[in-house]
Amino acid sequence: MTAFQKKLWVGLIIMALLTPLGIILPQKFNAGDAWGEWGTDTLEKLLGYVPEGLKKLTDLWKAPLADYSLGENPDFARQVISYIISGILGIAIVGLVIYVISRLLVKKS
Amino acid sequence: MHIPDGYLSPQTYVPLYGALFVFWAIALKKLKRELSAKQVPYLAMAAAFSFLIQMFNIPIPGGTTGHAVGGGIIAILLGPWTAVIAVSVVLIIQAVVFGDGGITAIGANCFNMAVVMPFVSYWTFKLISGRSENKKRIYAAAFLAGYIGLTVSAIVTAIEFGIQPLIAVSPDGRPLYAPYPLSVAVPVMALEHLLLFGIIEGVVTAMLLKYFIKHEPEVVFAVRGRER
């Protein structure tokens, strides 16, 4: 790894440690879900009903770390820690997948 | 901009999966030909960066949230086809592990953020920077690349949402999937990205390009061959 690449990885780790800003700021400014990404409860409130087709597909997949959170209905402190762990875990998994793909693609020289 | 499960009808998500397989096949073929071992760490870091930047939800006070994607800067630094793979890997992991974006919508989300965005950003950058060696023009081009790339990507997403009521309604006339028509979805998503999220994406794109041109200019795909 070059010195420049090391610096970039340090930057990425710092970013991961700062990710809780991504939940703290929206809470401070009272901002909700991204447009078009509401759960069924919110849709029920917005529309007065939940679209039939949507209802059937919505729980198709149970993600192990849904919403980047460890455990259901975590309190705020736990949410912050979950977010940092998700960030670190995310870059580890993504990096690993890229290395595997690259290994298969790049000819050894 | 991550479409969840249930918002798109099968008539929408199946063709988009089909389109994505074609883009992935081309991208992997190109990578196989062009990717060198030296670039692999940058590809991994690019994907890691995209994953992280998407966790920084930016609030519209009292309203919704959004985030940058990083598809533009990755396209400028590593080329648009490499960006297709980097961002796709991120989106697939987000859907499978973190439930961010639906499993049925992986094709759509990858199309919007891992194909439309990198290519629109890359073409914007090329068009505006031309063959210029003027730094100011290059950074302005980078800002606009991120800004326009993210906004177009959001508009394409909004179109996918907005056509759902046209495709499928229940017998009593209610939409079966994403409920809002084009006349709502497109203006809302276009505006929030034009006014806030796109600007953040643009600034991030320009700042990172500046950093790379200063420290490691030979890495930068889109300006390779220029003086520095």
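As they're listed, the protein sequences go chains A and B.
Going by the numbering used here, the letters in the first sequence line up with residues 173 to 281, in that order.
Going by the numbering used here, the letters in the second sequence line up with residues -14 to 213, in that order.
Think of the CB as a built atom: it goes at the ideal place given N, C-alpha and C, for glycine as much as any other residue.
Item	Value
Chain A residues whose Cβ lies nearer than 9 Å to that of B/Phe146	Trp207 and Gly208
Short CB-CB distance (under 9 Å) between A/Asp213 and chain B	no
Close beta carbons around B/Gly183, own chain, < 7 Å, minus the five adjacent residues each side	Tyr132, Leu135 and Thr136
Contacts of B/Ala163 in chain A (Cβ-Cβ under 7 Å)	Gly208
Cβ separation of B/Phe96 and B/Leu1, assumed to be a contact under 8 Å, to the nearest whole Å	5 Å
Top-ranked residue by Cα proximity to A/Ile260, from B/Ile61, B/Ala53 and B/Ser35	B/Ser35
B/Gly84 and A/Asp239 closer than 9 Å at C-beta	yes
Amino acids of chain B, ordered along the chain, whose beta-carbon sits closer than 8 Å to that of A/Glu244	In chain order: nothing, as chain B lies at least about 12 Å away.
Where A/Ser258 meets chain B, residues with beta-carbon distance less than 9 Å	Met40, Val82 and Phe83
Close-in-space but distant-in-sequence residues of the same chain around A/Ser254 (CB under 7 Å, 5 per side omitted)	Tyr240, Ser241, Leu242 and Pro246
CB contact flag (B/Ile58, B/Val189, <9 Å)	yes
Whole-angstrom C-beta distance between B/Leu63 and B/Met98, which should lie under 8 Å	The pair is not a contact, with the Cβ atoms about 16 Å apart (cut-off 8 Å).
Reduced DSSP category for B/Val154 - H, G, I as helix; E, B as strand; rest coil	strand
The region 22 to 38 of chain B contacting the region 112 to 127 of chain B, beta-carbon criterion three pairs below 8 Å	no
Burial state of A/Thr174 (16 or more Cβ within 10 Å)	exposed
Test item: CB-CB of A/Asp282 and B/Asp(-10) under 9 Å	The structure shown does not extend to residue 282 of chain A, since chain A spans only 173 to 281, so no value can be given for it.
Range covered by the alpha helix (DSSP H) that runs through B/Met139	The sequence given here has Ala at residue 139 of chain B, not Met. B/Ala139 -> alpha helix (DSSP H) spans Lys120 to Gly147.
Simplified DSSP state of B/Gly115, which is helix, strand or coil	coil
Alpha helix (DSSP H) runs wholly inside the region 35 to 107 of chain B, at least 4 long, in chain order	56 to 63, 65 to 83 and 91 to 95
Any chain A beta carbon closer than 9 Å to B/Pro46	yes
Where the alpha helix (DSSP H) containing A/Phe201 begins and where it ends	Run containing A/Phe201: none; DSSP gives neither H nor E here.
B/Pro(-5) in three-state terms, based on DSSP	helix
Cutoff 8 Å; reference B/Tyr(-8); Cβ partners in own chain excluding five residues on either side	Gly87, Ala90, Phe146, Gln149, Tyr162 and Ala163
Neighbour flag for A/Ala238 against chain B, beta carbons, 9 Å	yes
Proximity below 9 Å, CB of A/Gly262 to CB of B/Met40	yes
Residue span of the alpha helix (DSSP H) that contains B/Ile185, given as start and end	Gly183 to His200
Endpoints, alpha helix (DSSP H) assigned at A/Gln251	Phe248 to Leu277
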